[in-house]
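**Student:** Every letter in the sequence shown is one number past the one before it in our numbering, and letter 342, counting from 1, is 361. Just so you know, even glycine gets a beta-carbon here, dropped at the ideal spot from N, CA and C.
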Amino acid sequence: MPLMLYLIGAPRAGKTAVFDALTNTPQGPHCFVKGAHRLGTVKVPDVRLEGLRDLFQPKKFTPAEVTFVDVALPPPTAGQGNSFSQLNAFLGDADAFAIVVQAFGEMDYQGQTPDPAKQLESLLLELIVADMEKVEKRIEKIDQELKRGIKGNEAERVVLARCKEQLDAGKALRDLEFSAEDEKRISSFRFLTQRRALVIANVGEGGLDGKGLDPLRAAAAAHQLEVLVFCAPLEAEIATLDAEAQASFLKDYGIAEPARVRLVQAAYRLLELISFFTVGPDEVRAWTIRRGTLAPQAAGKVHSDIERGFIRAETVAWEPLLRLKSHAACREQALLRLEGKQYIVQDGDVIDFRFNA
Ligand SMILES: Nc1nc2c(ncn2[C@@H]2O[C@H](COP(=O)(O)OP(=O)(O)OP(=O)(O)O)[C@@H](O)[C@H]2O)c(=O)[nH]1
Ligand SMILES: [Mg+2]
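(1) Under a Cβ-count criterion, where at least 16 other Cβ atoms within 10 Å of its own Cβ denotes burial, should N375 be classed as buried or exposed?
(2) Could you tell me the distance, in whole angstroms, from the CA atom of A36 to the CA atom of I169?
(3) Go ahead and label A264 buried or exposed: buried means 16 or more other beta carbons lie within 10 angstroms of its beta carbon, across all protein chains shown.
(4) Can you tell me whether DSSP reads G28 as helix, strand or coil?
(5) Among G28, D114, V63 and A32, which has the Cα closest to the Cα of F210?
(6) Is any heavy atom of ligand 1 found at a distance shorter than 6 Å from the C-beta of A113?
(7) Where does the unbroken beta strand (DSSP E) through S294 begin, and where does it stop?
(8) Quickly, what does DSSP pair H378 with across the bridge? List them, please.
(9) Exposed or buried, K160, counting other C-beta atoms within 10 Å across all chains shown (16 or more means buried)?
(10) Buried or exposed: G33, going by 16 or more other Cβ atoms within 10 Å of its Cβ?
(11) With a floor of 3 residues, list each beta strand (DSSP E) that falls wholly inside the region 167–230, ordered by position along the chain.
(12) In whole angstroms, what separates the C-alpha of T44 from that of T81?
(13) Quick one: what's K79 bridged to in DSSP?
(14) Taking the continuous beta strand (DSSP E) assigned at F249, which residues delimit it?
(15) With the cut-off set at 7 Å, would you say E224 and L253 are in Cβ contact?
(16) If we count the other Cβ atoms within 10 Å of its Cβ and call it buried at 16 or more, is E202 buried or exposed?
(17) Quick check: what's the CA-CA separation for F75 versus L217?
(18) Leaving aside the five residues before and after K62 along the sequence, list all residues of the same chain whose C-beta is less than 6 Å from its C-beta, in chain order.
(19) Just the C-alpha distance for A174 and K166, rounded to the nearest angstrom, thanks.
(20) Going by C-alpha distance, which of R279, K183, D371 and H49 is nearest A318?
(21) Beta carbon of L357, beta carbon of V335: below 7 Å?
(22) Are the Cβ atoms of A29 and Q185 separated by less than 7 Å?
(23) Mind listing, in chain order, the residues whose beta carbon lies closer than 7 Å to a non-hydrogen atom of ligand 2?
(24) Kindly indicate which three-state DSSP category R342 falls into: helix, strand or coil?
(25) By Cβ distance, which residues of its chain are closer than 6 Å to P48, with the 5 residues on each side in sequence left out?
(26) Please find out if some non-hydrogen atom of ligand 1 comes closer than 6 Å to the beta-carbon of A55.
(27) Who pairs with A117 in a beta bridge, going by DSSP?
(28) From this set, E200, L106, G226 and A332, which residue's C-alpha is nearest I27's C-alpha?
(29) Who are the Cβ neighbours of E276 in its own chain at under 8 Å, not counting the five residues just before and after it?
(30) Is the closest heavy atom of ligand 1 to the C-beta of R281 under 6 Å?
(31) CB of N221 to nearest heavy atom of ligand 1: below 6 Å?
(32) If you draw a straight line from the alpha carbon of K79 to that of F38, how long is it in whole angstroms?
(33) Between the region 132–147 and the region 187–198, are three or more C-beta pairs nearer than 8 Å?
(34) Mapping the DSSP letters down to three states, classify K160 as helix, strand or coil.
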């Protein structure tokens, strides 16, 4: 299963426009439809990997990917927001949320000028209320059972009471620390506010300098959320250009790099993902793992046989390899390491696995 980042936000905030900009390529849009959702897989730009490609000149080049999802939520009843059961049904599979707020200064669906900070606050509140519903229902059930003498769920009730307190204070559950046991006790609820999130300020072309976004930044900071400034139509246009045309377009606009590069990288970071690389004349490739993954499990990403027969991981960091230009040169300088089963793979490791077939 690819890791999925769901684009959510108020109606007409520009979720679909952001999705289109992210999934556009010079060859056309790259996405497919699944139920009510549109899924688009986006390559994660990575200069380290591009450097390795240029060094090894492989036949095949395979960057890491993240999947964005454009959710088609049914329209909310006027002013009521989405019903919470609907939110759970539509957002349940999300690994993280990219919250799109309308900052391009046009009138919203109710004919009002958009207020990005308010949009963010009300969306975060919807997620909090959705979790609160579940927490309260479950606490009520446990209490009823206790009255009838059914015991065994007291520890769960204690965690849920902590959750309730947090949600009552208008805060997300992701900001609470849970012990591993407590984490297990609540994992089946799949609380929405436990997912990580970032904020996309969808600005107009005049808003690229990010001026006027201070209230939004303050609101986001209060919830420990990162804000990325994004101009959907501009990014969509950039994404359809080939490399050369793109460079001159960016220069005309005085932009250092497309915002989608930063957005995709931020999404990858948000999911606590890191990459290790495999290199050779056939393929230079990034593999996605969670931070803290041991070498044999990382090997299992490449092939289950390699995990099973794992002997060691010949490892060198990407930087010395690029600088010294060959494994042999790295070995001479003692920069090539032989790592065993307990090795925790680091971001940017270039690994050659040795294994018993
Ligand atoms: N001027 C301007 N218009 C935009 C921008 N982004 C989106 N729009 C327009 O705003 C309207 C809504 O954008 P969508 O991307 O459909 O918004 P959405 O959040 O997907 O909307 P729903 O799926 O209907 O909730 C469309 O008419 C877009 O063309 C932008 O950055 N600038
Ligand atoms: Mg849409």
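**Tutor:** Let's see:
(1) As a position in the sequence shown, residue 375 is number 356, starting the count at 1. Its Cβ having fewer than 16 others within 10 Å, N375 is exposed.
(2) On the sequence shown, position 17 is the one that residue 36 refers to. On the sequence shown, position 150 is the one that residue 169 refers to. So the two alpha carbons sit approximately 52 Å from each other.
(3) On the sequence shown, position 245 is the one that residue 264 refers to. Exposed, by the Cβ-count rule.
(4) Mapped onto the sequence shown, residue 28 falls at position 9. In this structure, G28 counts as strand in the three-state DSSP scheme.
(5) The residue you call residue 210 lines up with position 191 of the sequence shown. Cα-wise, what sits closest to F210 is D114.
(6) In the sequence shown, the residue the question calls residue 113 occupies position 94. For ligand 1, not one heavy atom lies less than 6 Å from the Cβ of A113.
(7) Walking along the sequence shown from the start, residue 294 turns up at place 275. Note, S294: beta strand (DSSP E), L292 to T297.
(8) Any question about residue 378 goes unanswered here, given that the chain covers just 20 to 376.
(9) In the sequence shown, the residue the question calls residue 160 occupies position 141. Looking at its Cβ environment, which holds fewer than 16 other Cβ atoms inside 10 Å, K160 is exposed.
(10) As a working note, residue 33 is residue 14 in the sequence shown. Buried is the call here.
(11) 215–222
(12) Mapped onto the sequence shown, residue 44 falls at position 25. Mapped onto the sequence shown, residue 81 falls at position 62. Approximately 16 Å, taken between the alpha carbons.
(13) Start at 1 with the first residue of the sequence shown, and residue 79 comes out as number 60. The partner list for K79 (beta bridge, DSSP) reads E302.
(14) Reading the sequence shown from its first residue, position 230 is the one you call residue 249. Segment V246 to F249, the beta strand (DSSP E) holding F249.
(15) Working through the sequence shown from its first residue, we reach residue 224 at position 205. Working through the sequence shown from its first residue, we reach residue 253 at position 234. Their beta carbons are under 7 Å apart, which means E224 touches L253 by this criterion.
(16) As a working note, residue 202 is residue 183 in the sequence shown. Per the 10 Å Cβ criterion, exposed.
(17) For the purposes of this step, residue 75 is taken as the residue at position 56 of the sequence shown. For the purposes of this step, residue 217 is taken as the residue at position 198 of the sequence shown. For F75 and L217, the distance between alpha carbons rounds to 35 Å.
(18) Locating residue 62 in the sequence shown gives position 43, counting from the first residue. P82 and E84.
(19) Residue numbering aside, residue 174 sits at position 155 when the sequence shown is read from its first letter. Residue numbering aside, residue 166 sits at position 147 when the sequence shown is read from its first letter. About 16 Å.
(20) For the purposes of this step, residue 318 is identified with residue 299 of the sequence shown, where counting begins at 1. Minimum Cα distance to A318 is reached at D371.
(21) Stepping through the sequence shown from its first residue, residue 357 is reached at position 338. Stepping through the sequence shown from its first residue, residue 335 is reached at position 316. The answer is no: Cβ separation not under 7 Å.
(22) What you label residue 29 is simply residue 10 of the sequence shown in a count that begins at 1. What you label residue 185 is simply residue 166 of the sequence shown in a count that begins at 1. Against a cut-off of 7 Å, the Cβ pair of Q185 and A29 comes out as no contact.
(23) K34, T35, D89 and A91
(24) As a first step, residue 342 is located in the sequence shown; it is residue number 323 there, counting from the start. Correct three-state label for R342: helix.
(25) Locating residue 48 in the sequence shown gives position 29, counting from the first residue. So the list reads T42, once near-sequence residues are dropped.
(26) Position 36 of the sequence shown, counted from the first residue, corresponds to residue 55. Result no, Cβ not under 6 Å from ligand 1.
(27) By one-based count along the sequence shown, residue 117 stands at place 98. Note: A117 is bridge-paired with L26 and L217 in the DSSP secondary-structure output.
(28) Mapped onto the sequence shown, residue 27 falls at position 8. Nearest option by C-alpha distance: L106.
(29) Numbered from its first residue, the sequence shown carries residue 276 at position 257. Excluding residues up to 5 positions away in sequence, L269 lie with their Cβ nearer than 8 Å to the Cβ of E276 in the same chain.
(30) On the sequence shown, residue 281 is found 262 positions in, with the first residue counted as 1. No, the Cβ of R281 stays beyond 6 Å of every heavy atom of ligand 1.
(31) Numbered from its first residue, the sequence shown carries residue 221 at position 202. Yes, since a heavy atom of ligand 1 falls inside the 6 Å radius drawn around the Cβ of N221.
(32) Your numbering for residue 79 matches position 60 in the sequence shown. Your numbering for residue 38 matches position 19 in the sequence shown. Distance between the alpha carbons of K79 and F38 is about 27 Å.
(33) They touch, by the three-pair rule.
(34) Translated into positions along the sequence shown, residue 160 becomes position 141. Residue state, collapsed to three classes: helix.
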